[in-house]
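Participant:
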Amino acid sequence: MDDDAVFRALADASRRALLDRLFERNGQTLGELCQGLEMSRQAVAKHLGLLEAANLVASKRQGREKLHFINPVPIGEITERWIGKFERPQLGALADFKRALEGRDKT
Amino acid sequence: MAGSTFVYVTFIRTSVEQIWSAFTQPELVKKFWFDIDVETDWRVGSPWCIKFPDGRVADAGEILEFDPPRRIAIKWRNEFMPELKAEGYSLCVIEVEPVGNAAKLTITHSNEIENSKFIGAVSGGWPKILSNLKSLIETGELVLPNKP
Numbered sequence: 520m521d522d523d524a525v526f527r528a529l530a531d532a533s534r535r536a537l538l539d540r541l542f543e544r545n546g547q548t549l550g551e552l553c554q555g556l557e558m559s560r561q562a563v564a565k566h567l568g569l570l571e572a573a574n575l576v577a578s579k580r581q582g583r584e585k586l587h588f589i590n591p592v593p594i595g596e597i598t599e600r601w602i603g604k605f606e607r608p609q610l611g612a613l614a615d616f617k618r619a620l621e622g623r624d625k626t
Numbered sequence: 050m051a052g053s054t055f056v057y058v059t060f061i062r063t064s065v066e067q068i069w070s071a072f073t074q075p076e077l078v079k080k081f082w083f084d085i086d087v088e089t090d091w092r093v094g095s096p097w098c099i100k101f102p103d104g105r106v107a108d109a110g111e112i113l114e115f116d117p118p119r120r121i122a123i124k125w126r127n128e129f130m131p132e133l134k135a136e137g138y139s140l141c142v143i144e145v146e147p148v149g150n151a152a153k154l155t156i157t158h159s160n161e162i163e164n165s166k167f168i169g170a171v172s173g174g175w176p177k178i179l180s181n182l183k184s185l186i187e188t189g190e191l192v193l194p195n196k197p
C-alpha cells in the first residue's frame, strides 16, 4: 500500500474525525457515521472512499448493511517506519507527558 | 453492531499461496508472530492452539473452516489471562484474495461482548503481526525482533 495515500488521507481534519468516531465505535454504517456531523452524506461518503482507498478503513457487508471498520495496519507500518526504529521509550515518555499536560487522548 | 469486531487489512506484494503457507506452516508462523508455536492439524473440528516459547498455552480453540488457499476460521479463546478467558470464545477469520499483482489479507476478529477486553487486547497485536508478515514476505526481513 502506498504511504502517500495514507498521509494524504490523514491530512484532513474531517477524515481524522471519522477515524476517531470509528475508534470509539467500530463497525458503523454510513448513516450512523453521518449522525451529529455537519457534513453532508455525500461528503462523508467521499471521505470514507478516500480512507478506504488508503486502506485506513475496511468495509464489510453484513446483510444489507455496509459496515466500516478502522484499519490500524497502515498506521502501524508508518509508526514502525518512522518512529519504531528511533528511541521509542523516550518518545513514549514524551507522548505520556503531553497527554498528562493536555488531559486528553487525542492530538 | 452488537459485540466487538476489529478488521485488519494489509496488501502484500506476493501470491495468495505464499500468504497461505505463511499462516499454515508453524516454522513460518514463528518468524512473524513473536516466536509463537501453532499447534493444529488444520482439519475442520480439530483443536487449535498457540503457545509461548516457554510452552505455556496462550490461546486455544478449534478450526471451524479451512478452505485453502482462501479462508480459515478459528474459534479462539484466551487461556492465560483469567479476565480475558472469562469473555469466552471469539471468532477469527483469516481471508486471502488476489488483487492485481498483490494479495489482500483480511483478519476479522470478533466476539459478542460490547467493548470486549479480549478484542481490545488482540487489536494491539494484529497490526504488528501483519506488518512483520508483510516485511518478511516482501523483503525477507522482519521489522520487529521476536520477543517473548
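The listed protein sequences correspond, in order, to chains P and G.
Convert by adding 519 to the 1-based position in the first sequence; the result is the number in my numbering.
Convert by adding 49 to the 1-based position in the second sequence; the result is the number in my numbering.
Where is the CB? At the ideal position from N, CA and C, for every residue including glycine.
Residues of chain G with CB closer than 8 Å to the CB of P:Phe-588, please, in chain order.
Facilitator: Within 8 Å Cβ-Cβ: Thr-54, Phe-55, Val-56.
Participant: Quick one: what's P:Val-576 bridged to in DSSP?
Facilitator: Answer by DSSP bridge pairing, in chain order: P:Ile-589.
Participant: Closest to P:Asp-523 by C-alpha separation, out of P:Ala-536, P:Glu-621, P:Leu-575, would be which residue?
Facilitator: For the residues P:Ala-536, P:Glu-621, P:Leu-575, the minimum Cα distance to P:Asp-523 belongs to P:Leu-575.
Participant: Quick one: list the residues of chain P neighbouring G:Thr-155, beta-carbon separation under 8 Å, in chain order.
Facilitator: The contacting residues are Ala-577.
Participant: Determine the DSSP secondary structure at G:Ser-95, reduced to helix, strand or coil.
Facilitator: Here G:Ser-95 sits in coil by DSSP.
Participant: Closer than 7 Å by C-beta to G:Gln-67: which residues in its own chain qualify, once you throw out the five before and the five after it? Chain order, please.
Facilitator: If we look at G:Gln-67 and ignore the five residues flanking it on each side, its Cβ neighbours are Ile-186.
Participant: Our contact map puts G:Thr-73 next to G:Trp-91 with C-beta atoms below 8 Å; I'd like the distance itself, whole angstroms only.
Facilitator: With 8 Å as the limit, G:Thr-73 and G:Trp-91 qualify as a contact, their Cβ atoms being about 6 Å apart.
Participant: Look at the Cβ atom of P:His-587, then the Cβ atom of P:Leu-569, and state whether they are nearer than 8 Å.
Facilitator: No, the Cβ-Cβ distance between P:His-587 and P:Leu-569 is not below 8 Å.
Participant: Let me see if you follow: with CB-CB separation under 8 Å, is P:Glu-596 close to chain G or not?
Facilitator: Chain G contact via Cβ: present.
Participant: Rounded to whole angstroms, how far is the Cβ of P:Phe-542 from the Cβ of P:Ile-589, which I believe are closer than 8 Å?
Facilitator: The Cβ separation is near 6 Å, so the contact holds.
Participant: Of all Cβ atoms in chain G, is any one closer than 8 Å to the Cβ of P:Glu-543?
Facilitator: No, no contact with chain G.
Participant: I'd like to know whether the C-beta atoms of G:Leu-140 and G:Lys-124 end up nearer to each other than 8 Å.
Facilitator: A contact, by the Cβ cut-off of 8 Å.
Participant: Does the Cβ-Cβ distance between G:Ala-71 and G:Leu-182 come in under 8 Å?
Facilitator: Yes, these two residues count as a Cβ contact at 8 Å.
Participant: Taking the alpha carbon of G:Glu-111 as the reference point, which residue from G:Val-87, G:Gly-94, G:Pro-118 has its own alpha carbon closest?
Facilitator: Closest option to G:Glu-111, Cα to Cα, is G:Gly-94.
Participant: Taking the beta carbon of G:Pro-147 as the centre, do at least 16 other beta carbons fall within 10 Å, making it buried, or is it exposed?
Facilitator: Burial call: exposed.
Participant: Return helix, strand or coil for P:Thr-598, following the three-state DSSP convention.
Facilitator: It is helical.
Participant: Straight-line CA distance for P:Ile-597 to P:Arg-534?
Facilitator: C-alpha separation (whole angstroms): 18 Å.
Participant: G:Val-171 and G:Trp-69 - do their beta-carbons sit closer together than 8 Å?
Facilitator: No; because the gap between Cβ atoms is not below 8 Å, this pair is not in contact.
Participant: So G:Thr-59 and G:Leu-179 are supposed to be a Cβ contact under 8 Å. How far apart are they, rounded?
Facilitator: Contact holds; Cβ gap of about 5 Å.
Participant: Buried or exposed: which applies to G:Pro-102, given that a residue is buried once 16 or more other Cβ atoms fall within 10 Å of its Cβ?
Facilitator: Exposed, by the Cβ-count rule.
Participant: Run the proximity test for P:Phe-616: is its beta-carbon closer than 7 Å to any non-hydrogen atom belonging to the ligand FMN?
Facilitator: What this structure holds is no ligand at all, so the ligand FMN is not there to describe.
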